[in-house]
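Take any residue in the sequence shown, note its place counting from 1, add 144, and you have its number in the working numbering.
Glycine included, every Cβ here is placed at the ideal spot set by N, Cα and C.
Since the structure is predicted, the reported quantities are computational estimates derived from the model, not experimental observations.
First comes the structure, then the notes that go with it.
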Amino acid sequence: MKVEAARAQVKTIEAKLAELRKGTRAENKKTAMGQVERAIGAKNEALVALNERYIIAPADMTIETIALK
């Protein structure tokens, strides 16, 4: 049983190696590019949120009361 499992594992690894030697498949490239685009979008969204955390007054002022909900 262990020998059969090891042989199956070797076949699987050899198949993966052959696929890697052929080059990356187009579907994998598209998936990776989609993940990159989503990550860039998340980064941009975080940067916008970071910039929106400050309120810039048009002139020097003093805040007297802050009402939180």
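In angstroms, rounded to a whole number, what distance separates the CA positions of Ala190 and Gln153?
Per the coordinates, the alpha-carbon of Ala190 lies some 43 Å from the alpha-carbon of Gln153.
Roughly how many angstroms lie between the CA atoms of Lys160 and Glu148, to the nearest whole one?
The straight-line gap separating the alpha-carbon atoms of Lys160 and Glu148 is approximately 18 Å.
Just the Cα atoms here: how many angstroms apart are Gly185 and Lys174?
Answer to the nearest angstrom: the Cα atoms are 16 Å apart.
Quick check on DSSP: helix, strand or coil for Leu244?
Lying before the first or after the last residue shown, residue 244 is absent from the chain, which here runs from 145 to 213.
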